[in-house]
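Working notes, structure below.
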Amino acid sequence: MNILNIQKKLPLIVGLAVLLCALPFLVRFVAGNQYPLLIMCIILIYIIAVSGLDILFGYSGQISLGHAAFFTLGAYTSGLLNIYFNLPLYLTIPAGTILATLIGALLAYPASKLKFHFLSLATVAFGEITYYFLYKSPGGFTRDFKGINVISIGFLGEDYLKWYFFLLAFVVIVLLGKTSLIKSRTGRAFISIRENTHAADGMGINVRKNKIIAFAVSAFLTGLAGALYVHLIKYISPETSMQKQSVLFLTMLLFGGTASIMGTIMGVVCIEVLMEAIRPLQEYQMLFYGVLLLIVIVALPGGIYGGLKNVAQNIRKAALKRLGRNTDNQKKVEKGGEA
Amino acid sequence: MLETNNVTINFGGLIAVNNVSIKVQPHKITALIGPNGAGKTTLFNCISGVYKPTSGEVILDGQHLEGKRGFQINAAGIARTYQVINLFWKMSVLENVLVGMNSRLKASFWDSLLSTKKKREEERRIHERAHELLQFVHLDEYADAPAASLSYGKQRLLEIVRGLASDPKVILLDEPAAGMNTAEKAELDILLNKIIEMGVTILVVEHDMKLIMDVSDYIYVLCNGMLLAEGDPDKIQKNPEVIAAYLGGDE
Amino acid sequence: MFKILLINGLIIGGVYGLIALGYSLIYRASGLMSFAQGDMITLGAYLGLTFYSILRLPFFLSFILTFACAFIVGVLLEKGVIRALLNKSVLPIYIVLATIAISYIIQNATQALFGTTTLRFPQVFSTATLTISGITAQTEAFACLVISLALMFLLHLFMTKTKFGTAMRSAAMDPLAAESCGINTSMSTGITWALAAAIASIAGMLLGPMYGVYTTLGSVVGRKGFAGAVVGGYGNMYGAMVGGIILGLVETFVAGYWTGTYKNLIAYAILILFLFVKPTGIFNEKAIQDV
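Residue numbers (this note's numbering), protein chains in the order written: chain A, 1 to 339; chain B, 340 to 590; chain C, 591 to 881.
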């Protein structure tokens, strides 16, 4: 059955692969410079980061308003190892990712006991503590408010085309891993906790353990994104760990639609492109986040992906009705779906 | 096999269950009845780990369960359903059953993440088993529908199979007939006997006296948190104290 | 040194206590937390500034007007956003996120109106400093302490002695039962949010002369108020007051005797410590824990 599925989807997969490979060349040709390529690279990095947040919020139902701290922890660890010890990319990136994961798991251990509003505040506090620590570190080893400038080493240099394919590989692996995890007992455990924590406990799900796993996986992905980011941009400052960045991730996730791969991708692409478009109005960036968040919460609870899915479903329903192929079974299912 | 010894549950001075000892015999249907507020659900919640008993013991096949957490008790072999239906609403009917199997699964986190052969084989096996279980209660045609889309009676059935999915020794059914129509109740009667045939023991709380008197092998009557009477259905029906409690109670 | 720190700690602690009170009131009424609560402080500071400094109204009148305006904003927030979302049966977590959105909107709106620079709140009293039992401080600072303590006392009277306060408390405890006793729970929740906003606006007006007025004033101080509420026991009115004052004292003493570098960190560290170790707070309020 699995193989059949793949065969059916094969043309789609090949088409998508060709498109993703051709896209950067096309964009560079049209734009005539590297800048749009850089934006595409950032989009890929944010897809990894927001996928992490989706595991936590979308699937396991835990809120984090301090996720930027994991991003920054990955970035700083990776960056500091680079400037102090001149370590190469393939060592600094894993190191940054692992530290973020460890801290995520450590934070989740007590935090998994908290109800959501308090979890949100605990994560805000975690983000702020990270910020102050980086801003004014003991002995100034994080270069404090100045941030750090990473020296470019390794095989990627500043060729954003190479970076694009490097990051694309990461995104593909991350999304495959995420899909595999979600379609497993672990993924089902996450969702059951989100849906009904008490029933999950009664059905043999170790709620705290799974909440901690979700947190660690989430911190892993967001930390990885940060570690990649610092080598791409070659600069990171404490500001990145502030609530603003965390809310950016959340806005992307909610705007696209939680608990799906496509939602994450759509959310990141739309918001990042929008942010680029309103760059002249950067002062009011937060206003855009605020308004977008409010619109999504009030009018589009499933995000744009959820909205599109609904539209597609309605069209199919209407078409089926017209064809008179509305079986009894289908009716029942649809009726319930609306309730 | 499952027994409670002198269980007392005290909520800040209010004694909800007072010194109750019951014994559930293997492969039998044991019922717990009593007027509203008698402490039946509280006792259930205590056995299944929602509450910790203030004093007393809960023992399953010699294993002490009092004070353990819900998931540990499920793993020990006690499944349950809820008085107020507690399904995972947005998950499909099939996924609800799959979640119920969780405590029996072997795939580790890394198996899940990397989709190892072990995970794929286990997934195939449990999907088959879940479909079997759904067929058992005639819900297989709804396998891919969200749990919330089922009718009330079918939701009750789904809760029961979700409980059975963990291959329990004992299943606790909290008012399984509530909200069911007459036809569904008749089916439930048959289903309970089929569950016993599967080798699963039943402890049931129920208000429908006809159903209880039909199916149960042994009955405990709770009143105001205390054990009022016990015995087989005939004996209970003739017990003047029980009759008085029901007439004088709020039902 | 000790005396000065003590009085300074009490002054700032009193303000934290007021803010904490707002969080606890909202939690009691709706079981929610509002990230916009901090921005009510900012709003209060700007409103106070507008009435007192721009329109040159007497201080007392500005005070009343600020209170009234924030009260209305609170009602609008509850009726226009929170209740609307609750009626759509949105998950509570999304309502909390909506308050974040509102918080950003308020911050940007004030920025658009008043600019990004910190504005000076003109002196209220003719004498700049006051000396009481050997401690010299800004007159405003003393006034701040007096006003915040008085407000706490008034609120206590309002909640326990008036018919309306009792109705509000019962509506928060058991909405269904209160409804059947003829209490309009929808109105009482609205008024609770309004009171929370109004108290925060007063806190903003008190902070203005000491810190200056800027758009993120409230979000920083607001979180300290939240920390105070957690320390005291989230949802407990008296816990909020005590927790706020304790937080103010700890912050001031640590900054005074040890280091001022991490002054803003202390509140967060205490918040995390209480959330993880003693989530029920000093008054043992059981609101926070999940499974």
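Backbone N, C-alpha and C fix where the C-beta goes; we use that ideal spot for every residue, glycine too.
As the structure is a computational prediction, the values presented were derived from the model and not from experiment.
Near the ligand SAM: residue i beta-carbon under 7 Å from a heavy atom
i	result
residue 177 (chain A)	Annotation note on the ligand SAM: not contained in the displayed structure, which lists no ligands.
Minimum Cβ-Cβ distance from residue i to chain A less than 8 Å
i	result
residue 697 (chain C)	yes
residue 408 (chain B)	yes
residue 414 (chain B)	yes
residue 434 (chain B)	yes
residue 517 (chain B)	no
residue 684 (chain C)	yes
residue 592 (chain B)	The displayed coordinates of chain B run from 340 to 590. Any statement about residue 592 (chain B) would go beyond what the structure contains.
residue 758 (chain C)	no
Spatial neighbours of residue i in its chain, beta-carbon cut-off 7 Å, leaving aside the 5 residues before and after
i	result
residue 61 (chain A)	193, 194
residue 47 (chain A)	171, 264, 265, 268
residue 873 (chain C)	822, 823, 826, 828, 829
residue 741 (chain C)	608, 789, 792
Same chain only: Cβ atoms within 6 Å of residue i, ignoring 5 sequence neighbours per side
i	result
residue 661 (chain C)	784, 788
residue 715 (chain C)	729
residue 134 (chain A)	142, 238
residue 279 (chain A)	none
residue 257 (chain A)	263, 302, 303, 305, 306
Span separating the alpha-carbon of residue i from that of residue j
i	j	result
residue 212 (chain A)	residue 430 (chain B)	22 Å
residue 332 (chain A)	residue 542 (chain B)	Low local confidence applies: a pLDDT of 46 at residue 332 (chain A) is under 50, so the model's placement there is unreliable, and no value is given.
residue 451 (chain B)	residue 184 (chain A)	6 Å
residue 501 (chain B)	residue 410 (chain B)	14 Å
residue 666 (chain C)	residue 776 (chain C)	13 Å
residue 12 (chain A)	residue 18 (chain A)	10 Å
residue 227 (chain A)	residue 820 (chain C)	34 Å
residue 565 (chain B)	residue 374 (chain B)	12 Å
residue 769 (chain C)	residue 761 (chain C)	7 Å
residue 457 (chain B)	residue 177 (chain A)	16 Å
residue 45 (chain A)	residue 606 (chain C)	40 Å
residue 583 (chain B)	residue 573 (chain B)	16 Å
residue 223 (chain A)	residue 862 (chain C)	22 Å
residue 525 (chain B)	residue 491 (chain B)	16 Å
residue 444 (chain B)	residue 461 (chain B)	8 Å
residue 304 (chain A)	residue 265 (chain A)	11 Å
residue 210 (chain A)	residue 635 (chain C)	45 Å
residue 306 (chain A)	residue 670 (chain C)	25 Å
residue 402 (chain B)	residue 123 (chain A)	40 Å
residue 319 (chain A)	residue 308 (chain A)	16 Å
Residue i at chain B interface by Cβ criterion, 8 Å
i	result
residue 142 (chain A)	no
residue 47 (chain A)	no
residue 203 (chain A)	yes
residue 172 (chain A)	no
Buried or exposed by the 16-neighbour rule on C-beta atoms within 10 Å, applied to residue i
i	result
residue 188 (chain A)	buried
residue 463 (chain B)	exposed
residue 763 (chain C)	exposed
residue 139 (chain A)	exposed
residue 163 (chain A)	buried
residue 243 (chain A)	buried
residue 814 (chain C)	buried
residue 797 (chain C)	buried
residue 679 (chain C)	exposed
residue 849 (chain C)	exposed
residue 799 (chain C)	buried
residue 231 (chain A)	buried
residue 113 (chain A)	buried
residue 283 (chain A)	exposed
Same chain only: Cβ atoms within 8 Å of residue i, ignoring 5 sequence neighbours per side
i	result
residue 166 (chain A)	156
residue 91 (chain A)	81
residue 497 (chain B)	426, 432, 435, 436, 476, 478, 486, 489
Min CB distance residue i to chain C below 8 Å
i	result
residue 290 (chain A)	yes
Secondary structure, alpha helix (DSSP H): runs of 4+ residues fully inside the region 732-770 of chain C:
753-763, 765-770
For the region 429-455 of chain B, list the alpha helix (DSSP H) runs that are entirely contained and at least 4 residues long, ordered along the chain.
432-439, 448-453
Which runs of the alpha helix (DSSP H) spanning at least 4 residues fall entirely within the region 230-275 of chain A, listed in chain order?
Within the region 230-275 of chain A, the complete alpha helix (DSSP H) runs of at least 4 residues are 243-256.
Ranges of the alpha helix (DSSP H) found wholly within the region 596-623 of chain C, counting only runs of at least 4
Given a length threshold of 4 residues, the region 596-623 of chain C has no whole run of the alpha helix (DSSP H) inside it.
At what residue ranges does the region 386-428 of chain B contain a whole run of the beta strand (DSSP E), taking only runs of 3 or more?
Residue ranges of uninterrupted beta strand (DSSP E) with 3 or more members, entirely inside the region 386-428 of chain B and ordered along the chain, are 394-399, 417-419.
Could I get the ranges of all uninterrupted alpha helix (DSSP H) runs contained in the region 525-583 of chain B, with 4 residues as the minimum, in chain order?
548-554, 572-577
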